[in-house]
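One structure below.
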Amino acid sequence: MRKIIVAGNWKMNKTASETRVLLEELQAQLPATTAGVMVAPTFVNLAGAVEQLGGSAIEVVAQNMHFADSGAYTGEISADMLADIGIKTVILGHSERRAYFGEDDALLSKKVGKAIEKGMKVIFCFGEELADRYDKKHFEVVEKQLKNALFDLPETAWQQIILAYEPVWAIGTGETASPEQAQEVHAFIRSRVAGHSAEVADGVQILYGGSMKPDNAKELIAKPDIDGGLIGGASLKAEDFLAICRAAG
Ligand code: 13P
17 MRKIIVAGNW KMNKTASETR VLLEELQAQL PATTAGVMVA PTFVNLAGAV EQLGGSAIEV
77 VAQNMHFADS GAYTGEISAD MLADIGIKTV ILGHSERRAY FGEDDALLSK KVGKAIEKGM
137 KVIFCFGEEL ADRYDKKHFE VVEKQLKNAL FDLPETAWQQ IILAYEPVWA IGTGETASPE
197 QAQEVHAFIR SRVAGHSAEV ADGVQILYGG SMKPDNAKEL IAKPDIDGGL IGGASLKAED
257 FLAICRAAG
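Residue numbers (this note's numbering): 17 to 265.
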């Protein structure tokens with residue numbers, strides 16, 4: 017039985033004081049849930065968040081990291097720096113990193129490799145753009161993204177991988193993949209991972225991301241191959257994020 021995950025990707029939102037307030041609200045009102053709950057504040061607020069949530073059921077995760085151990089990479093953050101402040105999980109491959117910061121599959125493969133080497137868990141994001149879906153190329157695109165960044169990993173490394181299918185056309189647009197559309201792609205993803213290893217495919221959690229909200233979360237998460245959500249906009253309001261946690265059961 018795969019554990020459901022509800023993860024909030026805060027992107028470039030919330031100052032330090034706003035972060036503190038939102039975390040306080042989440043901590044105070046977190047429902048009893050069997051789901052794993054994660055939040056990803058910005059880099060500058062990670063250490064404070066870890067300290068504030070110490071001992072709580074909410075895990076603090078990072079939104080990105082560099083592939084090198086250390087060195088002359090101005091503005092970048094290493095896996096060791098994250099681990100040193102208590103971060104155990106990092107989001108990689110987000111479509112905004114791909115679109116605005118030129119992150120391609122080859123770079124992402126290096127980042128994933130480094131995170132695995134450092135013992136971190138990776139929430140690996142991927143998903144097609146609107147044009148791909150119109151052209152009926154979404155399965156092809158998704159498979160290529162997975163293959164290029166993950167399919168060379170040894171089977172043991174998959175213990176550290178969480179997948180997040182995020183169709184780009186549904187991110188921040190208010191437009192959600194229908195539960196059926198999402199399930200169709202999630203089942204496809206699992207079948208492709210099964211081509212690699214049936215055991216890995218059975219165990220790997222596949223989150224859905226793209227305008228997940230309190231009013232659609234339950235139906236999405238009820239689908240057999242959707243193991244939770246990676247939530248942007250709705251994770252910035254305690255009320256909405258907590259409602260999604262409740263919907264996750
Ligand atoms: P929205 O929930 O705002 O569509 O964002 C989804 C996302 O990009 C999560 O990583």
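Just so it is clear, CB atoms sit at the ideal spot from N, CA and C, and this is done for glycine as well.
Keep in mind the model is a prediction, meaning the values are calculated, not measured.
Determine the direct distance from the alpha carbon of Thr-58 to that of Ala-95, and round the result to whole angstroms. Answer to the nearest angstrom: the Cα atoms are 15 Å apart.
Taking 7 Å as the cut-off, does the CB of Val-213 come closer than this to any heavy atom belonging to the ligand 13P? Checking the sequence, you will find Ser at residue 213 rather than Val. Result no, Cβ not under 7 Å from the ligand 13P.
Same chain only: Cβ atoms within 8 Å of Lys-134, ignoring 5 sequence neighbours per side: Ala-95, Asp-96, Ala-99
Start-to-end residues for the beta strand (DSSP E) that takes in Gly-52: If you look at Gly-52, you'll find it in the beta strand (DSSP E) that goes 52-56.
Compare the beta carbon distance of Val-10 and Val-209 with 8 Å and say whether it is the shorter of the two. Since the first residue shown for the chain is 17 and the last is 265, residue 10 is missing from the structure and cannot be characterised.
Can you name, in chain order, every residue of its own chain whose Cβ lies under 7 Å from the Cβ of Ser-111, other than the five neighbours on each side? Cys-141, Gly-143, Glu-182, Val-184, Ile-187
Rounding to the nearest angstrom, what Cα-Cα distance links Glu-40 and Gly-70 in this structure? Their backbone Cα atoms lie some 12 Å apart in a straight line.
With distance defined between alpha-carbon atoms, name the residue in Ile-74, Glu-119, Gly-245, Leu-123 nearest to Ile-103. Ile-74
Can you give me the Cβ contacts of Ala-173 inside the same chain, cut-off strictly under 6 Å, excluding the 5 residues immediately before and after it? Ile-132
Contact under 8 Å by Cβ, Gly-226 with Ala-193: yes
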